[in-house]
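A.B. asks:
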Amino acid sequence: MIIDAHCHLQSPQFRFSLPEIIAEAHAAGVRAIINAATGPDDWVQCRTIADEHPMVIHSVGIHPWYIPAHYKSLLSGAAQSALDEAHAIGEIG
Numbered sequence: 001m002i003i004d005a006h007c008h009l010q011s012p013q014f015r016f017s018l019p020e021i022i023a024e025a026h027a028a029g030v031r032a033i034i035n036a037a038t039g040p041d042d043w044v045q046c047r048t049i050a051d052e053h054p055m056v057i058h059s060v061g062i063h064p065w066y067i068p069a070h071y072k073s074l075l076s077g078a079a080q081s082a083l084d085e086a087h088a089i090g091e092i093g
């Protein structure tokens, strides 16, 4: 089984062709895609994509480039979200 272990399907350039991208991946033999959220701003978007496309698995995390001064509270939120909804934690440096 082929799994794409790290992608960013929530990126704006994929917005209008997401179904086609996922279908092409499936046709090429990919059976699961782990979609990595880069911060709280796209956690919900990644969850929505996973809900709409069964082969997509969403992860939560905060990319090191986006860690603000209040990062400890965000990390706590990432952990809670992962426990409640996500299937993986990624983009954590």
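For the sequence shown, counting from 1, position 17 maps to 17 in this note's numbering; every step adds exactly one.
Glycine is no exception: its CB is placed at the ideal position from the N, C-alpha and C atoms.
In this text, all values refer to a predicted model and were calculated from it rather than measured experimentally.
#1: Confirm, please, whether the CB-CB distance from His53 to Ile22 is below 7 Å.
#2: Tell me, which residues are paired with Ala88 by DSSP?
#3: Can Glu106 and Ala28 be called in contact, C-beta distance under 7 Å?
#4: Contact defined as beta carbons within less than 8 Å: I believe His58 pairs with Ala86. What is the distance between those atoms, to the nearest angstrom?
#5: Apart from the five residues on each side of it in sequence, which residues of its chain come closer than 7 Å, Cβ to Cβ, to Tyr66?
#6: Measure the alpha-carbon distance for Ala5 versus Phe16 and round it to whole angstroms.
#7: Could you work out which residue in Asp41, Pro12, Leu18 is closest to Ala50 when comparing CA atoms only?
#8: To test your reading of the DSSP string, which unbroken beta strand (DSSP E) runs of 3 or more residues are found completely within the segment 19-63?
C.D. replies: According to the structure data:
#1: Yes. Within cutoff.
#2: The partner list for Ala88 (beta bridge, DSSP) reads Ser59.
#3: Nothing can be reported for residue 106, as the shown portion of the chain is limited to 1 through 93.
#4: Between His58 and Ala86 the beta-carbon gap is near 6 Å, inside 8 Å, which marks them as a contact.
#5: Correct list, in chain order: Thr38, Gly39.
#6: C-alpha separation (whole angstroms): 22 Å.
#7: Ranking Asp41, Pro12, Leu18 by Cα distance to Ala50 puts Leu18 first.
#8: Counting only runs of 3 or more, we get 30-36, 56-60.
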